[in-house]
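Visitor: If you read the sequence shown in the UniProt record's numbering, its first letter stands for residue 1, the second for the next number, and so on.
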Amino acid sequence: MAFEKFSNFFGINDEDDENQPVQEADYSNNEKVVSMNSTTDSRTTNSSKIAIYQPRVYADAKVVAKQLLNNKAVIVNFNNINDDSAKRIVDFLTGSIFALNGEIKRVGDKIFLCTPPKFEIDGSIPDINE
Numbered sequence: 001m002a003f004e005k006f007s008n009f010f011g012i013n014d015e016d017d018e019n020q021p022v023q024e025a026d027y028s029n030n031e032k033v034v035s036m037n038s039t040t041d042s043r044t045t046n047s048s049k050i051a052i053y054q055p056r057v058y059a060d061a062k063v064v065a066k067q068l069l070n071n072k073a074v075i076v077n078f079n080n081i082n083d084d085s086a087k088r089i090v091d092f093l094t095g096s097i098f099a100l101n102g103e104i105k106r107v108g109d110k111i112f113l114c115t116p117p118k119f120e121i122d123g124s125i126p127d128i129n130e
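1. Quick check: the stretch 117-124 against the stretch 76-96, are at least 3 beta-carbon pairs closer than 8 Å?
2. Which residues in the same chain as A65 place their Cβ atom closer than 8 Å to its Cβ, once the five residues preceding and following it in sequence are excluded?
3. Run through the DSSP bridge pairs and tell me what N77 is partnered with.
4. Can you name, in chain order, every residue of its own chain whose Cβ lies under 7 Å from the Cβ of N101, other than the five neighbours on each side?
5. Exposed or buried, what is V74 when buried is set at 16 or more other beta-carbons lying within 10 Å of its beta-carbon?
6. For P55 and I125, I'd like the C-alpha separation in whole angstroms.
7. The beta strand (DSSP E) spanning A65 covers which residue range?
8. DSSP puts K118 in a beta bridge; with which residues?
9. Alpha carbon to alpha carbon, how far is I81 from F98?
10. Ordered along the chain, which non-local residues of its own chain (more than five positions away) have a Cβ less than 6 Å from that of I52?
11. Please report the distance separating the alpha-carbon of E103 from that of A61.
Structure, rendered in structure tokens:
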């Protein structure tokens with residue numbers, strides 16, 4: 001008797017369960033088939049990108065650094081900027097790349113390739129004086 005009152009108080013009465021009809025779930029419309037061997041084009045999922053920038057002011061260096069933070073290589077062309085501003089930007093990018101363990105390489109007259117970590121620059125251009 002005390003157990004029944006206790007059970008009713010906490011809502012664990014077996015009599016209520018016996019009186020309720022059992023509803024069976026309809027699983028026929030909820031089936032989803034997913035292939036475990038689905039193939040994806042590796043060129044789209046693991047694609048590497050190279051951004052190209054031609055900075056005009058020192059503030060443009062921040063945009064290049066953000067690309068490096070997003071693991072994108074960047075080609076920077078300094079042909080349309082004065083030499084003093086270009087030197088300041090190269091100094092900023094060199095510090096950013098050092099902090100990221102990346103690389104910076106001169107690949108042409110006033111053109112630099114900046115790469116984040118895990119990119120490998122192979123080879124050199126012999127006509128460029130570093």
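We put the CB at the ideal spot given by N, CA and C, even for glycine.
Guide: Taking the structure as given:
1. no
2. F92, L93 and S96
3. I111
4. P117
5. buried
6. 23 Å
7. Per DSSP, A65 belongs to no beta strand (DSSP E); it is in the alpha helix (DSSP H), D60 to L69.
8. K118 is not bridged to any residue.
9. 24 Å
10. I75
11. 16 Å
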